[in-house]
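A.B. asks: Handing you this structure, nothing more for now.
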Amino acid sequence: MKEEVRNMASKEYLVPLTNAEVPAEHQGTLAKYRKLATEHDVPSDVPLCYKVRAGFTLKKHAPLTGPCFEGFRYLQEWDFEDTPTQDALVFWVPRLLKDSTSKAVDEQMQLLSALRQHLALSEHHLSSFGEVSLVAGLILAHFKATGERLPLDGLYTRTDTCLAAGNLLHLGDFCGRGLDCDVWYWVDGQPGNIGVFALGVDHVIRE
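The numbering of the sequence shown is the numbering used here, which starts it at 72 and goes up by one.
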């Protein structure tokens with residue numbers, strides 16, 4: 072068991088890429104995300120593209136990657152599909168989108184759709200909130216790379232993952248006690264502390 076933990080801890084499931092390291096065929100996508108990031112006051116040297124390896128999960132791998140509230144032990148009995156990450160290049164803006172809080176789920180999806188069209192991104196982008204495993208991995212990888220705890224100001228971000236009862240999970244309140252995972256019970260509610268990230272999978276890597 073200890074050997075398994077050491078092996079998992081040594082694996083880099085989400086590796087940030089510098090602007091120059093992003094493959095040439097994806098520089099156009101990077102430029103669109105960089106423009107959006109600049110509008111959200113993200114410094115130009117902060118990575119927006121990550122090389123993601125298959126197999127990262129919330130319950131098993133996130134606590135080995137960075138600080139998580141109670142080591143996510145409380146999640147072990149929660150009934151939800153902890154979908155592992157897939158091999159991919161993932162783009163995102165490490166800020167909650169402006170005006171994405173105080174909105175119901177449908178309103179947040181409409182915001183993403185309108186922004187996707189405005190930026191002329193493909194359908195793989197800004198089309199979902201992201202699986203909880205991927206979003207947690209991005210938050211923790213960003214923390215490792217920059218020391219910044221996201222979302223800022225103790226807020227939360229929505230994810231696509233839901234409990235068996237249908238309630239969506241969200242991540243945030245990343246303070247000294249670690250990243251928190253919680254559940255929102257009202258789909259049509261408009262919580263002032265839950266926003267959304269802009270993210271998308273642009274290319275599946277096959278090695």
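All residues carry an ideal CB built from backbone N, CA and C; glycine is no exception.
1. If you follow the alpha helix (DSSP H) that PHE214 is in, where does it begin and where does it stop?
2. Hey, is the segment 85 to 102 in contact with the segment 111 to 122, meaning 3+ C-beta pairs nearer than 8 Å?
3. ASP244: which of TYR256, THR228 and GLY208 sits nearest, CA to CA?
4. Between PHE140 and LEU250, how many whole angstroms is the CB-CB distance? I'm expecting something under 8 Å.
5. Ordered along the chain, which non-local residues of its own chain (more than five positions away) have a Cβ less than 7 Å from that of LYS130?
6. Give a yes or no on contact between the segment 211 to 218 and the segment 230 to 243, applying the rule of three or more CB pairs nearer than 8 Å.
7. Measuring only the C-alpha atoms, how far is HIS297 from GLN188?
8. State the DSSP-derived secondary structure class of ARG166, mapped to helix, strand or coil.
9. Could you tell me which residues DSSP pairs with ARG229 in its beta bridges?
10. Look at the alpha carbon of THR109 and the alpha carbon of MET180, and state the distance between them as a whole number of angstroms.
11. Which residues in the same chain have their Cβ closer than 8 Å to the Cβ of TYR256, if we skip the five residues on either side of it in sequence?
12. When DSSP builds the beta bridges, which residues end up paired with TYR121?
13. Which residues in the same chain as THR206 place their Cβ atom closer than 8 Å to its Cβ, once the five residues preceding and following it in sequence are excluded?
14. Spatial neighbours of LEU101 within its chain, please: CB distance less than 8 Å, with the 5 preceding and 5 following residues excluded, ordered by chain position.
15. When the Cα of THR128 is compared with those of ILE210, VAL203 and LYS82, which residue comes out closest?
16. With a 10 Å radius around its C-beta and 16 neighbouring C-beta atoms as the bar for buried, classify ALA299 as buried or exposed.
17. Can you round the beta-carbon distance between GLY208 and TYR84 to whole angstroms, since I take them to be within the 8 Å contact cut?
18. Please go through the same chain and pick out, in chain order, the residues whose beta-carbon is closer than 8 Å to the beta-carbon of LEU28, but skip the five residues on each side of it.
C.D. replies: Answer, in terms of the structure:
1. Start and end: 203 to 217.
2. Output reads yes: the segment 111 to 122 touches the segment 85 to 102.
3. Checked all of TYR256, THR228 and GLY208; the closest Cα to ASP244 is THR228.
4. The Cβ separation is near 6 Å, so the contact holds.
5. The answer, listed in chain order, is PHE143, LEU146, GLN147 and ASP153.
6. Too few Cβ pairs lie closer than 8 Å, so no.
7. The displayed coordinates of the chain run from 72 to 278. Any statement about residue 297 would go beyond what the structure contains.
8. DSSP, read as helix, strand or coil, puts ARG166 in coil.
9. ARG229 pairs with HIS241.
10. Within the model, the alpha-carbon separation for THR109 versus MET180 is close to 22 Å.
11. ASN238.
12. As DSSP reads the structure, TYR121 sits in a beta bridge with PRO87 and VAL161.
13. Before going further, note that residue 206 is Val rather than Thr in the sequence given. So the list reads PHE200, THR228, THR230, LEU242, PHE268 and LEU270, once near-sequence residues are dropped.
14. So the qualifying residues of the chain are ASN90, VAL93, LEU119, CYS120 and PHE162.
15. Considering only alpha carbons, the answer is VAL203.
16. The question about residue 299 has no answer, for the chain in this structure spans 72 to 278.
17. The distance from the Cβ of GLY208 to that of TYR84 is about 6 Å, consistent with a contact at the 8 Å cut-off.
18. Outside the shown range of the chain (72 to 278) lies residue 28, about which nothing can therefore be said.
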